[in-house]
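Chains A and B, in that order, are what the protein sequence lines are.
Position one of the first sequence corresponds to residue 1 (our numbering), numbered consecutively onward.
Position one of the second sequence corresponds to residue 1001 (our numbering), numbered consecutively onward.
Glycine included, C-beta positions come from ideal geometry on N, C-alpha and C.
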Amino acid sequence: MSDLAPTQTSNGMLTHLGHILRENPVTALSFGLFAFFVGQALVGQWLVPYDPLATNAAQALQPPSAAHWFGTDQLGRDVFSRVVVATRLDLTISVLAVAISFVFGSVLGAIAGYWGGWLDAVLNRILDTIMAFPLFVLAMGIVAALGNTIENIIYATAIINIPFYARVVRAEVNIRREAGFALAARLSGNSHLRTLAFHIFPNALPPMMVQVSLNMGWAILNAAGLSFVGLGVRPPTPEWGIMVAEGANYIISGHWWVALFPGMWLMLAVFTFNLMGDGLRDLVDPRRRT
Amino acid sequence: MLSVKDLSVAFRTRKGQVDAVRGISFDLAPGETLGIVGESGSGKSVTSYALMRILDAGGRISQGDVSWNGRDLRAASESAMRQVRGREISMIFQNPRAALNPIRKVGHQIEDVLRQHGRATRANAHEKAIEALEAVKIRDAAGRYHAYPFELSGGMCQRVVIALALACGPKLMIADEPTTGLDITTQKAVMDLMGDLIRERGMSAIVITHDLGLAAEYCDRLAVMKDGQIVETGASGDLFANPRHPYTRKLVDATPRPGVNIRDLLPPEIRTPDLPHDVGGRALLEVVDLVKIYPGKSGPVHAVKGINFTIREGQSVGLVGESGCGKSTTSSMLVRLLDPTSGAVVFDGHEIGGIPAERFLRDARRGQIQMVFQDATDSLNPRHNAFDSIAEPLRRLGALRGAALRARVRELAHLTGLPEHLLSRYPHQLSGGQKARVGIARAIALDPKFLILDEPTAALDVSIQAVVLNLLADLRARLGMTYLFVSHDLNVVRLLCDHVIVMQDGQIVEQGPTAAVMDAPTHPYTRELLNSAPKPPAPPAAALTNAAE
């Protein structure tokens, strides 16, 4: 936005990020873990020691060893390779789902919060209806009805998350609709739409970032959960949820590693996103930039 | 009775220890009212919290003694303090609505306190609560007993809070900004009531306020605080008439009062000669039978009931009234953010009241009518730095870009006295006065002919108010703007305006030249407003001679 010196602003953002990371070690840890997962998603498939789909009956159900760090599964596939390669799919599903619900939730919530009246009432009732269902069951229903594809998992996860974003944005926009700076923006010649989009909505970003990060972890769990119950990614595609589901059958026979490692990765990913919330909020909050 | 010696309060913050109060000492005699006066951040509220030992986490008394009737309050145990609070020393806070439980009837809240401290039994609590409400002069106390706080006005809520504070017959009452946010007539009623009660019951009181005039009128003795220290103590009249400390002098000078010129508010070393402004004969704005009716849940609300006035080119008109009188609705309609129900707004010879607000945004005259908002903090976007805030109207309506834009923003910053290096700062990094300057720079960016000032100094400390008022006077003379100054403070309006309009209940009750309305008001409401303004003791001699010149 600034006409003063665009390059200075981007530098300012970097130093601001550095400041936030130094200030809070938990945030630094979560950003580090996040980078770790993004790295896996981007280049993981070229770095893993084995083809995640290659079966080897002779090596089935081997415990963790130097050759197979996380052991092998019932078909002799390397669990480590599969866990790492699955990162891309799981992150893609959750990032896209969260992005879709962020965009739609923001638009709906902002409109309801700014204009209010019957628009607000109608929208709120629709959101109430969505939230009246147990959300995971709703997601199962959507995937079952639309078909068992990755896109549909994304849509289902997005739809059940929209109400959370819409609610946060609606509340944040509503309290600022009559704020002095919004009126001042109108006097500067901004239409209602521009005032809402460029002056009021950006102020809702800090709480939204907390919502995004909590939701990311939740979306990963949701996607994995759908696959776990058999509505989602189909075998043999590597995906944390399926791997846990398949591995669960072997826990009883003492082959714990088949389910444990994908489960651990899943937990670590959710943990990372949940911890990132405060850091992300500080990043988009200008009041922190002192 | 109360003796404070060398009291210091420190807060632990992320940036290290902050000393909010630094070694203050004072004594309070029985029956005496002490006023602690200071600007925001001077440590006056923290002092009272320290006396009551209700400091926030992170704050602690780092040194000094507080002795209350021979007892050491600093060393007293928490359970001993609970006995002192309410029963011996009670406190009244700034926002009465927040001090009351919103979901309990006010009568029950008084009963709770009475019974908790053993002042009433189940049998006579109801009766005693009504007595307590009658003591604070609430009419129809038996009826109000059943009211919830939201059903009462701000002044009524403050009376209930006073009733609560007095319920247990305390010997000392501490009032922290008891009338901030109340209308001026309500302020007078509440302060008069407090004064009467304090006298009747022979209590001592500490009144904490930013308003030197108010403190001087109601307190026996004043202590002026600055940066955590008491810079001067003295009897009210003395201190006002003959301030010894330079800071007290600055505060006394900056307090608007009858008989002074706008330049007298500033410290002598930065006073500049008064710039004359010309009032032309041509009418710039004519308001004809303007009406605004809001649809309400219980029938339509008539906010503005057909008002008429004319503002001439170059004139500064004060629009005065208390909350709910329709002055904000009127200014919103004039600035074309709100559509009138009926009536005409003729600006520069053309009717603009009928143009819908959304279409007026793209009207060529949008830049001609601008507004400075009440709360400078609230009116700046927290995500835009000062440069972007000032540049917004220039980008949208002035179509300026690049170097021309930067030059114009720098020019505006210079004009409003905002140091250029502050342009890259965000609102939270600016002080109240600097934010006010950014708001003014933004409003005058497009060279408006007509500027509406909606209580632009209400949220500022008096010394900053003095500077901002003078800035507005300078800008008016230099840029030839016409002002509509909306305010509740008649003393401020007197300083800046040529003409005054007094509104009550959506109607204009009196209008005319400032001197005529202020010195010889014809309407009883105007007289009531004038009487309610705090009357500080005689202004210092220096200011008097200045005004005479």
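The beta carbon of PRO235/A sits closer than 6 Å to the beta carbons of ILE242 from its chain, once the five residues preceding and following it are set aside; these are given in chain order. ARG1097/B and GLY1154/B have their C-alpha atoms some 7 Å from each other.
Uninterrupted alpha helix (DSSP H) stretches at least 4 residues long and entirely within the region 1339-1417 of chain B occur at 1357-1360, 1386-1396, 1402-1415, given in chain order. In terms of CA proximity to HIS1146/B, HIS1126/B leads the group LEU1164/B, ALA1283/B, LEU1266/B, HIS1126/B. Using a C-beta cut-off of 8 Å, the region 156-171 of chain A makes contact with the region 128-146 of chain A, since at least three inter-stretch Cβ pairs fall below that distance. SER1487/B is bridged by DSSP to VAL1320/B.
Of the candidates VAL1291/B, THR1233/B, ARG1087/B, SER1298/B, the residue whose Cα lies closest to the Cα of MET1052/B is ARG1087/B.
From the beta-carbon of LEU183/A, the residues of chain B found nearer than 9 Å are SER1332, VAL1335, LEU1337, MET1371, PHE1373, SER1379. If the five residues before and after ILE1230/B are omitted, its C-beta is found closer than 6 Å to the C-beta atoms of ILE1024, ALA1223, all from its own chain and listed in chain order.
What HIS1428/B touches in chain A, judged by beta-carbon distance under 7 Å, is ARG287, going in chain order. Note on geometry: alpha-carbon atoms of ALA110/A and ASP285/A lie some 19 Å from one another. Within the same chain, Cβ atoms closer than 6 Å to the Cβ of ILE1174/B are found at SER1048, MET1091, ILE1206, the five residues on either side in sequence being excluded.
Residue-level contact by beta carbon holds for GLY189/A and chain B, with a gap shorter than 9 Å.
Using a CB distance cut-off of 9 Å, PRO1276/B does not count as an interface residue toward chain A.
For HIS1302/B, the enclosing beta strand (DSSP E) stretches over residues 1301-1312. If you draw a straight line from the Cα of LEU221/A to the Cα of LEU91/A, it is about 11 Å long. Fewer than three beta-carbon pairs drawn from the region 1402-1410 of chain B and the region 1489-1503 of chain B are found closer than 8 Å, and the two stretches are therefore not classed as touching. Under the 10 Å beta carbon count, TRP257/A is surrounded by 16 or more other beta carbons and is classified as buried.
Out of ASP1519/B, GLY1038/B, GLU1322/B, the CA that lies nearest to the CA of ASP1183/B is found in GLU1322/B. For PRO1300/B, no Cβ of chain A is located within less than 9 Å of the residue's own Cβ. Close CB contacts of LEU75/A within its chain, under the 6 Å cut and outside five residues either way in sequence, are with THR55 (chain order).
Close to chain B, meaning a Cβ-Cβ distance shorter than 7 Å, are the following residues of the region 193-204 of chain A: HIS199, PRO202, ASN203. Boundaries for MET1001/B: no alpha helix (DSSP H) harbours it, and the DSSP string shows neither H nor E there.
Distances from the alpha-carbon of VAL85/A to those of GLY116/A, ASN124/A, ALA60/A, GLY39/A put GLY39/A closest. Annotation: GLY1059/B to ALA1020/B spans about 9 Å, alpha carbon to alpha carbon. For the 9 Å CB-CB criterion, ILE1110/B and ALA1163/B form a contact. Along the region 1485-1539 of chain B, the alpha helix (DSSP H) occurs as fully enclosed runs of 4 or more residues at 1490-1496, 1514-1519, 1524-1532, listed in sequence order.
Rounded to whole angstroms, the separation of the alpha carbons of VAL1500/B and GLU1232/B is 37 Å.
For ARG125/A, the enclosing alpha helix (DSSP H) stretches over residues 117-132. Listed along chain A, the residues sitting closer than 7 Å to PRO1382/B by beta-carbon distance are ASN203, PRO286, ARG287.
Straight across, the Cα-Cα distance linking ARG194/A with PRO1273/B is about 44 Å.
As for any beta strand (DSSP E) of minimum length 3 sitting wholly inside the region 225-280 of chain A, there is none. The three-state reading of DSSP puts ARG1144/B in helix, counting H, G and I together.
Listed along chain B, no residue sits closer than 7 Å to ARG125/A by beta-carbon distance, the nearest being about 21 Å off. Taking ARG1366/B as the centre and dropping the five residues before and after it, the same chain places the C-beta of PHE1360, LEU1397 closer than 7 Å to its C-beta, in chain order.
Within the same chain, and ignoring the five residues on either side of ALA1010/B in sequence, the residues whose Cβ sits closer than 6 Å to its Cβ are GLN1017, ASP1019, SER1062.
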